[in-house]
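**Q**
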């Protein structure tokens with residue numbers, strides 16, 4: 360599966376959440392609201408999730424294979440750190 364587009368929307372403010380990301384796969388499937396979060400050792404991604412009735416958070420969509428999760432995170436973090444908002448466009452989406 361190829362990552363064909365990454366669009367990053369910065370979040371203003373002082374919190375740990377730095378951006379929301381929309382990722383397109385194979386130009387035919389999209390996942391919205393992947394989060395870029397500032398952690399103790401750098402930025403990482405968190406997949407879109409929802410809160411259950413018990414107050415627990417569950418991912419809505421996520422990679423099943425650790426190798427693909429690493430590939431997805433590396434691509435998103437690289438774009439975020441370079442300041443690119445898209446694979447095709449060198450601007451952040453505001």
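In the working numbering, the protein residues as written are 360 to 453.
Note that beta-carbon positions come from the ideal geometry of N, C-alpha and C, so glycine has one too.
Remember, predicted model here, so these are calculated numbers, not experimental data.
Just to confirm, are residue 418 and residue 384 a CB contact at a threshold of 8 Å?
**A** No.
**Q** Considering only C-alpha positions, which residue in the set 364, 365 and 379 is nearest to residue 371?
**A** The shortest Cα separation from residue 371 among 364, 365 and 379 belongs to 379.
**Q** Could you name each continuous beta strand (DSSP E) segment of 3 residues or more that falls completely within the stretch 382–423, going from the start of the chain to the end?
**A** Complete beta strand (DSSP E) runs here, min 3: 388–398, 401–405, 408–410 and 416–418.
**Q** So what's residue 433 in DSSP terms, helix, strand or just coil?
**A** Residue state, collapsed to three classes: helix.
**Q** Closest by CA to residue 368, which one among 425, 386 and 396?
**A** When only C-alpha atoms are compared, the closest one is 396.
**Q** If you check the beta carbons only, do residue 404 and residue 435 fall under 8 Å apart?
**A** Contact flag set, yes.
**Q** What residues in its chain sit with their C-beta under 7 Å from that of residue 420, if we drop five residues either side in the sequence?
**A** 390, 406 and 407.
**Q** Have a look at residue 382 and residue 388 and give me their C-alpha separation to the nearest angstrom.
**A** The alpha-carbon atoms of residue 382 and residue 388 are separated by roughly 8 Å.
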